[in-house]
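Residue numbers (this note's numbering): 398 to 965.
Right, dumping it as structure tokens:
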């Protein structure tokens, strides 16, 4: 703000006896020294309140002060501007009226912001005044994602009395009616649509004492997105259960359901799971894009060296290849991608899964049913009578499954499966700890691959910065690689201000060679097996991740977070 304008504001405040000449003089001296706005300084010094500053600005510029607590926003305005832009510029768009965009602003002289709003909207901007805190509250209320969902929440509250979904325990009929009403349907649809738009893998509906929190898992991290008022929690829960084919009358036991939805040309399978909670039912929806599961090894993030090793392994006629990693590390995606490479008219490929996540054309898939006595072990026994070339077992959970899978590998079949360990060498010791005979482990396994998922830096907003000497002292890989620059997240509209867009896998591939086989036979410790594997050329998960850092695909912090258990 220009100094003469600032002086006039000061004079108005003195004239109205809000501040004294001494206070104005002190504030002007600070303004010359710091370059801050006079109003900001007066507020910091507690000489005035926000309301008093608004009155002075309105007097000086002949503008109207608007109380944003009483204002709503047009839906078309929400779709024009991003939350990040508005919060940075401290401006609140209200509505479009007579080809004018009405906005509330705190600084009438911020011509750059006014011009930006005109350029983005295509309308002439008409300004009003509001306080910074009022603008922030308004933007959080209407523009923070997913704003559309929060607008629908208001409709849900309006509908509560009609359906009787309040303090009383509603009847099944009332719940069914509430779940089918437009506000409830619209709300659930908007949440699912927003999750698809933001490429979320899961939606968490979490009941609390006074409401229900909704969170999206995006690139492995959870972000809070909306809150459902207590009065409508049962209606929303019932709606999800109805579309997923679950029983809305059953609230005391966990349930599983499934629904398919379309978004444009894409189709999604949604797996629903309920869990009784002290405040209701917790629901998780897992979104599975039918087209995104089959990826090339390069797209998964595998280097040319790792890809060559894996391709050599899967071309063998028999043996067992195991994938390890925690839940959500992308093991299933990697397995499906491998099976797609092997898929041909000359091979009989059979999978046994829990459940079948994706339907693969040309591959025979079966799902276990524990209640019916159809377990992994039972399924494998019957699969062996089906003349398979390749068998994929969803997970090795017990010694019986492990031993049958090993026998299949030793009798001329190529077997793939997963197991939960922290590293590739840990798979060998894990099987032995499960009481699988060491000689069976050493003779059947031909390769083990551990993997993790790390977030990709957004290509639009990632920022390159120099590697410092201090970083090299603490992270030897940076010094050894002689890297001068790496990248870090920033955040933009494209990545929904997370700084990341998508994920990429990092791998650790252990080839079973003589030294490792000998250690397995001797029941050696995991550290000894890891040392032997690295000696023969295995690159650790940390090493694979650091390569992605060097290539500016991910950030150093992301790799350190994902491989914190790794020894560098």
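Note that the Cβ used here is the ideal one computed from N, Cα and C, for glycine as well.
- C-alpha of residue 869 to C-alpha of residue 650: approximately 53 angstroms in a straight line.
- Distances from the CA of residue 877 to each of 944, 605, 594, 852 were compared; the closest alpha carbon is that of 944.
- Your pair residue 887 and residue 859 checks out as a contact, with CB atoms roughly 6 angstroms apart and the cut at 8 angstroms.
- Beta bridge pairing from DSSP links residue 678 with 673.
- Using a C-beta cut-off of 8 angstroms, the region 692–707 makes no contact with the region 780–798, since fewer than three inter-stretch Cβ pairs fall below that distance.
- Here the alpha carbons of residue 582 and residue 800 stand approximately 49 angstroms from one another.
- Leaving aside the five residues that flank residue 947 on each side, the residues in its chain whose CB is nearer than 8 angstroms to its CB run, in chain order, 878, 880, 883.
- Between the alpha carbons of residue 774 and residue 798 lies a distance of about 5 angstroms.
- Restricting attention to alpha helix (DSSP H) runs no shorter than 4 residues, the region 805–876 encloses them at 821–830, 835–841, 866–871, ordered along the chain.
- Nearest in C-alpha terms to residue 680, of all of 653, 704, 699, 706, is 653.
- Between the alpha carbons of residue 768 and residue 779 lies a distance of about 18 angstroms.
- According to the DSSP assignment, residue 755 belongs to no beta strand (DSSP E), since it is labelled neither H nor E.
- For residue 893, no alpha helix (DSSP H) encloses it, and the DSSP letter there is neither H nor E.
- Straight through space, the alpha carbons of residue 903 and residue 727 are spaced by roughly 10 angstroms.
- Straight-line spacing of the CA atoms in residue 748 and residue 710 works out to 19 angstroms.
- Rounded to whole angstroms, the gap between the alpha carbons of residue 590 and residue 492 is 25 angstroms.
- Per DSSP, reduced to three states, the secondary structure at residue 604 is strand.
- For residue 948, there is no enclosing beta strand (DSSP E), as DSSP marks it with neither H nor E.
- When rounded, the separation of the alpha-carbon atoms in residue 742 and residue 712 is 16 angstroms.
- DSSP, reduced to helix, strand and coil, places residue 693 outside both helices and strands of the structure shown, so it counts as coil.
- In the DSSP annotation of this structure, residue 886 is not part of any alpha helix (DSSP H), being labelled neither H nor E.
- DSSP, read as helix, strand or coil, puts residue 478 in coil.
- With respect to the C-alpha of residue 454, the residue from 506, 482, 784, 776 having the closest C-alpha is 506.
- It is roughly 43 angstroms from the alpha-carbon of residue 857 to the alpha-carbon of residue 744.
- Here the alpha carbon of residue 843 sits roughly 6 angstroms from the alpha carbon of residue 718.
- Following the DSSP letters along the chain, one finds residue 763 inside the beta strand (DSSP E) bounded by residues 761–764.
- Ranked by Cα distance from residue 898, the first of 466, 538, 595 is 595.
- Beta-bridge pairing by DSSP links residue 523 to 499.
- Nearest to residue 938 by C-alpha distance, out of 592, 456, 957, 725, is 957.
- Secondary structure note for residue 931: its alpha helix (DSSP H) is the uninterrupted segment 923–932.
- Where residue 630 is concerned, the enclosing alpha helix (DSSP H) starts and stops at 630–640.
- By the criterion of at least three beta-carbon pairs nearer than 8 angstroms, the region 483–503 is in contact with the region 525–533.
- Of the residues assessed, residue 638 falls on the buried side of the cut-off, its CB having 16 or more other CB atoms within 10 angstroms.
- A residue is called buried once 16 or more other Cβ atoms fall within 10 Å of its Cβ, and residue 960 is buried on that count.
- When the five nearest sequence neighbours on each side are left out, the beta carbons in the same chain lying within less than 8 angstroms of the beta carbon of residue 783 are those of 745, 747, 761, in order along the chain.
- Following the DSSP letters along the chain, one finds residue 748 inside the beta strand (DSSP E) bounded by residues 746–750.
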